[in-house]
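See below for the structure under consideration.
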Amino acid sequence: MTRYPNMEQVTGDFYTQNFEKGAREGSLILNMGPQHPSTHGVLRIILELDGEYILRCDPVLGYLHRMHEKMGESKTYRGFIPNMGRVDYGCPLPWNWAFVGAVEKLAGIEVPERAEYIRVITTEMNRITSHLLWWGAYILDLGAFTPIMYAFDEREWLLDLLQTPTGSRLTYSSFRVGGVGHDIDDKFIEGLKAFIPYFRSRLPMYKDLVTDNIILRKRVEDIGPMPLDMCRRYGATGPVIRGSGLAYDIRRAEPYGIYDRFDFEIPTQDTCCCMGRYKVRLAEFEQSLRILEQAVDQIPDGPIIMDKAPKPSWKPPKGEVYFAVEGARGKTSVYLVSDGTKSPYRVKLRAPGFSNLSLFAEAAQGTLLADAVAILGSLDLIIPEIDR
Amino acid sequence: MNAIRKNVIQPIIDLWSLIVGLKVTGKYFCQRHVTVHYPRKIIPAELTDTFAGHIELIPSAKDPTIPKCISCMMCATNCPSNCIKVLKQKAPKVSPEQEKEWAEAEARGEKVKRPKAPKNPAKFSYDYSLCSLCGTCIENCPVSSLRFSHDIYIVATDRKELTMDLLARLARQAEAQAGKPADRAPGVLEQAAEAGQEASAKEA
Ligand code: SF4
Ligand code: SF4
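Line by line, the protein sequences give chains C and Y.
Anchor point for the first sequence: position 59 equals 59 in our numbering, and the numbering is continuous, going up by one each time.
Anchor point for the second sequence: position 140 equals 1140 in our numbering, and the numbering is continuous, going up by one each time.
What follows is the structure, encoded as C-alpha cells:
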C-alpha cells in the first residue's frame, strides 16, 4: 500500500483502525462526531452498523481535554477556583463546592451560616438552569425546536438572578475557601421569591407541551434500558441511577453543608428507560424549588466569609481528602492531596458524566441509530466535564 | 373490546396530545414576545450592573485621572492567569551636583529629603483575553483600587485589542465625566439605547 500524506483521512486514525479489527463482514463503520450536533460538543462515537442497527459502539474522548487536574498542581488554592467554573459549564457551582469543600475539610475550616445558605441557594438555582438546558437540548436532539425557547425563557430569568452573587452567566467561580465571594441582596431574594411560583406554574405547560406528547413518548419510552445492576457496574450516579430506581443522592446519602436541614424528596423512576431519566429530572425541578423556598425563608444575616479567609499564599496542612457533592449530573467529587505547600500536590476530579457515558456503549448495542441519540441525550453529558 | 381500545381510542388520545401541545404554542404565539431585539433595543441597565466584565481601576478621590493604586504588585503576582502588568514609576532623576550637595549636607549631619518615586503606577496593562474574571486581584488589592466594570458589549476583531491600558481608560473616563466632548461619535449602541428607552417609554 502506498502511503499518502493524508493517509489517516483515508484509512481512519488509530481509534478507527483499532475498532475495525473485530468488524463483522458487510457492516459499516461510522464516526458520529466529534462535530455532530447531538453530541453537544466534541464527543466522538465510532459505530459499527448493520443497516440502521448498532452492532457495537465505542466513545472516543479527549477532544476537549484542558488538563484541569495538571493545572491544579501549579496553581495556588485560590487560583484554582476559576478552573472549577470551567470544568462543567452547565453546572459549575457543584464543582466549586466540591473543591472548596475539600480544602475546607482538609484544613478544618468552618463556613459562616449565611455563606452556607448562599451556597445552597445558588447551587440549587444552578441545578435548575442545568436541567433546563438539558431539557431544551434533549428535545432539540430528538427533533423538536420549540421547547428550548421556553426553557431559555426561565433559564434567562435565573441567570439574571444568579448574576448578582456570581457576576457571570455561565462559568461561575464565586465560592471561596471559607465562604462565598459575593453576598446576595434583598432584590435577589425578592426576584427569587417571584420566580418560584412562576416556575411552578410553568411546569404543567412543560408536561402538556412535551412530556405527554406522543411523538416524544414513542421515542423515549422503553428505549435504552439501563437496569440497576448495569448502573452499579459502571458507577453511574445522579439522575441516571435514580431513573433506574435507586434513590441515591449525595445530599441525602452523605449530607454536606447544611443539606440535612431541608425537607425534600429524592425522585426516582423504576422504568430504567430514557423516559425514566427524563421524568426524574423534571421531578427534580420541584424538589430544587422546595429547597430554595426553605432556604430563602431561613437565611440568616451575618458574614459571608470567615475571618482571616485564606490569602492566595495560604498553605493548608499536609494530608489527603475526598469530598463529594451532588451535581446536576451526579456525584461530583474532588480528591485532593496536599504536601503543605501553596499549591496542591494532586487534584483528582471525579466527573459524573464520565461514568454515565460508560453505560452508553452497552445500552446502545442492538438499538437503532436514532435511538442511540435518544440514549446519549438522556445521559445529560457535558463533554468538557468528561474530558476535564 | 381490547382491539377497539388499541386501534381506535388510543390513537385518538395520542393525537389529542399533539393538539394540546399546539394549544400551548398558540397561546404563547399570541402573547408579547419575551426577547429583546438587539441592537434595536438593549436590556435594561439594572441587568448589566451586576455583570462582572473586565477589571478597571478606581480613581482616587483627589484626581479622577490617577488611580488609588500604590503599585504594590499584589494583583499582578496573585493573578492565576498572569494577565496584569504593573510598572512602577521611577524616582526622578537627580543631577550629580544636586547629589553632591546632598551628600555634603548629610556629612554635616543635616537631614536630607531625597525625592521619592510617586506611588501611582507608570503603566497598568491588562490582557482581557487571558483573564478568568476570578476576582483575586480585586479581593487582594490593599487599597481597593480595582473593580469589575459592567461593560457587556465589548467586542474586538483582534486578540491584541483585548490588551488594555487601564490608565488610559481611566483618563478617558475622567474626560468624559468632566463633560469634555467624547473622542468618538455616539455609536450604534448609544443610539439604540436611546431609541430603546424612547420606545419603552412609549409602551409604558
Ligand atoms: S480577575 Fe483574576 S484572572 Fe482576571 S486579572 Fe484579576 S486576578 Fe487575574
Ligand atoms: S493590588 Fe491594587 S494597589 Fe497593588 S498594584 Fe494592584 S491595583 Fe495597585
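Glycine included, C-beta positions come from ideal geometry on N, C-alpha and C.
For R114 of chain C, the CB contacts under 7 Å within the same chain, skipping 5 residues up- and downstream, are I299, P300, D301, G302, P303, I304 in chain order. For the options C:D263, C:G167, C:E320, the alpha carbon positioned closest to that of Q294 of chain C is the one of C:D263.
Within the model, the alpha-carbon separation for A1105 of chain Y versus F1148 of chain Y is close to 49 Å. Of all residues in the region 68-80 of chain C, those with a C-beta nearer than 8 Å to a C-beta of chain Y are K75, T76, R78, G79, F80, reading in chain order.
The beta carbon of L133 of chain C is closer than 8 Å to those of G90, A151, R155 in its chain, skipping five residues each way along the sequence.
Below the 8 Å Cβ cutoff, chain C contributes G167 as neighbours of F1148 of chain Y, in chain order.
In terms of Cα proximity to P1067 of chain Y, the closest of Y:G1021, Y:G1026, Y:N1120, Y:K1023 is Y:N1120. Each residue's CA atom was taken as its position, placing D1127 of chain Y and G79 of chain C some 17 Å apart. DSSP lists Y:V1086 as the bridge partner or partners of F1124 of chain Y. Contact between the region 325-342 of chain C and the region 305-316 of chain C is present: 3 or more CB-CB pairs across the two stretches fall below 8 Å. Each of C:R346, C:E48, C:R44 was checked against the Cα of R24 of chain C, and the nearest Cα belongs to C:E48.
Each residue's CA atom was taken as its position, placing P384 of chain C and V180 of chain C some 25 Å apart. For the pair of segments examined, the region 340-352 of chain C was found not to touch the region 194-201 of chain C: the number of CB pairs separated by less than 8 Å stays below three.
When 9 Å is used as the limit between beta carbons, V1020 of chain Y is near these residues of chain C: D208, L209, D212, N213, in chain order.
Distance from the C-beta of S1149 of chain Y to the nearest heavy atom of ligand 2 is not below 8 Å. Think of a sphere of 7 Å around the beta carbon of G1135 of chain Y: the chain C residues whose beta carbon falls inside it are G181, in chain order. Residues of the region 1038-1051 of chain Y with a C-beta less than 7 Å from any C-beta of chain C: L1047, T1050, F1051, listed in chain order.
The way I'd put it, the region 1093-1112 of chain Y doesn't touch the region 1154-1169 of chain Y; fewer than three beta-carbon pairs between them come closer than 8 Å. Here DSSP, grouped into helix, strand and coil, assigns A324 of chain C to strand.
Within the region 217-275 of chain C, the complete alpha helix (DSSP H) segments of 4 residues or longer fall at 228-234, 239-242, 250-253, listed in chain order. If you look at V334 of chain C, you'll find it in the beta strand (DSSP E) that goes 331-338. A Cβ closer than 6 Å to some heavy atom of ligand 1 marks a residue here, and those residues are Y:I1055, Y:C1079, Y:P1080, Y:S1081, Y:C1083, Y:I1084, Y:C1131, Y:S1132, Y:L1133, Y:C1134, Y:G1135, Y:T1136, Y:C1137. Annotation for T171 of chain C: G85, R86, Y89, P92 place their beta carbon closer than 7 Å to its own, counting only its chain and skipping 5 residues before and after. Going by C-alpha positions, C1141 of chain Y is about 36 Å away from F195 of chain C. Burial is judged here by how many other beta carbons sit within 10 angstroms of a residue's own beta carbon; L1087 of chain Y has fewer than 16 and is exposed.
Of all C-beta pairs linking the region 103-122 of chain C to the region 264-275 of chain C, fewer than three are shorter than 8 Å, placing the two stretches out of contact. By alpha-carbon distance to C1079 of chain Y, the top candidate from Y:C1137, Y:E1175, Y:K1090 is Y:C1137. In this model, T332 of chain C and T123 of chain C are separated by some 13 Å (Cα to Cα).
D1014 of chain Y has a beta carbon lying within less than 9 Å of a beta carbon in chain C. Within the same chain, Cβ atoms closer than 6 Å to the Cβ of F99 of chain C are found at M84, V334, the five residues on either side in sequence being excluded.
In this model, V280 of chain C and C57 of chain C are separated by some 27 Å (Cα to Cα).
When DSSP states are grouped into helix, strand and coil, F175 of chain C belongs to the strand group. Within chain C, no residue has its beta carbon less than 9 Å from that of V1143 of chain Y; the closest one is some 16 Å off.
Inter-residue distance for L1015 of chain Y and I214 of chain C is about 7 Å (C-alpha atoms, whole angstroms). Chain Y has a Cβ within less than 9 Å of the Cβ of Y150 of chain C. Counting of Cβ neighbours within 10 angstroms places R1159 of chain Y among the exposed residues, the total staying below 16.
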